[in-house]
Amino acid sequence: MAAVALRSCRRGLSQILSNGGPAALSSQRLEGARRHKSTVQYASRPDLPKLAYRRVKGKSPGVLFLPGYASNMNGQKAEALEEFCRSLGHSYLRFDYTGHGASEGVLSEGTIGTWKKDVLYVLDELVEGPQIMVGSSLGGWLMLLAAIARPEKTAALVGISTAADHIVTVYNSLSLEARKVFEEKGAWTLPTKHPEEGLYDFNMDFLKEAENHCVLQSPIPITCPVRLIHGLKDEDVPWHISMQVAERILSADVDVILRRQGQHRMSERDDIKLMVYTIDDLIDKLTTMV
């Protein structure tokens with residue numbers, strides 16, 4: 001599988017990189033971007049929790065960022081993407097799932113289906129036209145589900161440490177004895193490599209519901225361009241999951257990009273620079289096609 005060809009940057013991207021790159025969070029340019037950062041808005045949904053989001057209006061294709069589990073829309077990747085999209089004049093939206101960040105709801109009561117509905121609501125109600133969905137970890141799984149459900153709203157996909165089926169796969173790999181203990185307990189505790197986040201607790205209902213959204217057991221009916229970036233030193237979600245996703249997606253335009261030093265969060269300066277290069281290349285490809 002060939003590595004994605006990263007073409008020469010257009011003027012907007014070149015300006016960002018000349019000022020230290022989108023991930024140079026202490027740079028003067030980013031400080032300026034923070035002063036013009038989009039404001040938090042809330043989407044009210046009948047009988048459902050409000051969703052918090054930040055939006056920048058602009059050209060199509062837009063970029064939609066999907067964060068990871070227990071994460072939010074204010075991470076380094078999400079903020080760097082807003083700066084990048086603003087510089088090019090393209091629309092951009094980042095948001096918090098139900099029970100995450102500034103959105104209403106309780107994290108422990110959420111499911112894969114809950115968060116899939118959140119993404120579909122954003123695609124249906126909060127953005128205009130086809131989007132380049134950028135999914136980090138759990139967001140990578142959700143972007144696949146959303147692309148299958150809304151192909152007409154999906155221009156391209158960029159997965160960062162994509163965690164497709166990961167929770168279910170890890171649980172099913174446990175011994176029968178271990179699973180029996182967790183089933184009797186009613187919950188499964190998954191260690192995380194990030195000390196500040198502690199342990200992830202999933203109840204059995206969450207795991208059973210998640211099985212309904214697994215995508216790696218059959219061909220994935222997605223035909224748009226797909227880019228999957230993964231770090232070889234990811235200790236949370238193995239990089240071979242991105243390879244499995246690439247093998248199953250029906251699209252003829254799929255590239256996997258592996259970073260030798262990359263870890264799960266992919267939030268180092270060079271990681272974010274690669275993400276931005278990749279999205280810039282897709283925007284160029286999509287606009288040229290039009």
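Read in order, the letters of the sequence shown are residues 1 to 290 in the numbering used here.
Glycine included, C-beta positions come from ideal geometry on N, C-alpha and C.
From a predicted model like this one, the values you see are computed outputs, not experimental measurements.
For P225, which option in R248, Y200 and D253 has the closest C-alpha, if you only look at C-alpha atoms? D253
Leaving out five residues before and five after E211 in sequence, what residues of the same chain have Cβ atoms less than 7 Å from its Cβ? V168
If distances are taken between C-alpha atoms only, which option among I249, A163, A102 and L64 comes closest to H90? L64
With DSSP run on the structure shown, which of helix, strand or coil describes H100? coil
By Cβ distance below 8 Å, which residues in the same chain neighbour R45 in space, the five residues on each side in sequence not counted? L51 and Y121
So within the region 202 to 232, which uninterrupted alpha helix (DSSP H) runs reach at least 4 residues, ignoring any that extend past its ends? 204 to 211
What did DSSP end up calling S136 once you bin it into helix, strand or coil? strand
I need the boundaries of the beta strand (DSSP E) containing S91, first residue and last residue. H90 to F95
Following the continuous beta strand (DSSP E) through W188, name the residue where it begins and the one where it ends. A187 to P191
Can you name the residues that DSSP bridges to F65? R94 and V134
From V158, S136 and A147, pick the residue whose C-alpha is nearest to that of V215; which is it? A147
Going by the beta-carbon positions, is the gap between H230 and L145 smaller than 7 Å? no
Would D124 and T98 be called neighbours here (beta carbons separated by less than 7 Å)? no
How would you write the range of the beta strand (DSSP E) that L157 sits in, first residue to last? T154 to I160
Could you say which of A163, E235, R179 and Q76 lies nearest to G139 if we only look at CA atoms? A163
8 Å CB neighbourhood of T192 in its chain, flanking five on each side removed: G198, L199, Y200 and D236
Span separating the alpha-carbon of L286 from that of Y277: 14 Å
With contact counted as at least three CB pairs below 8 Å, one residue from each stretch, are the region 165 to 185 and the region 246 to 265 in contact? no
List the endpoints of the continuous beta strand (DSSP E) containing Q41. V40 to R45
Euclidean distance between Cα positions of A78 and D270: 15 Å
Which residue marks the beginning of the beta strand (DSSP E) containing D255, and which one marks its end? V254 to R259
Under 7 Å, do N72 and H100 count as touching if we go by C-beta distance? yes
What does a CB cutoff of less than 7 Å around P221 pick up in its chain, not counting 5 residues either side in sequence? I148 and L250
How would you label H166, buried or exposed, when you count the other beta carbons within 10 angstroms and need 16 or more for buried? buried
Among H264, T288, D281 and D205, nearest to G135 - alpha-carbon criterion: H264
Three-way DSSP call (helix, strand, coil) for V276 in this model: helix
Would you report the Cα separation of F95 and H240, rounded to the nearest angstrom? 28 Å
Where do the ends of the beta strand (DSSP E) carrying K50 lie? L48 to V56
Our contact map puts S175 next to Y69 with C-beta atoms below 8 Å; I'd like the distance itself, whole angstroms only. Between Y69 and S175 the Cβ distance is about 24 Å, and since that is not below 8 Å, they are no contact.
For E183, I'd like the list of residues in its chain whose CB is within less than 7 Å of its CB, leaving aside the five on either flank, ordered along the chain. M204
Span separating the alpha-carbon of N172 from that of W141: 18 Å
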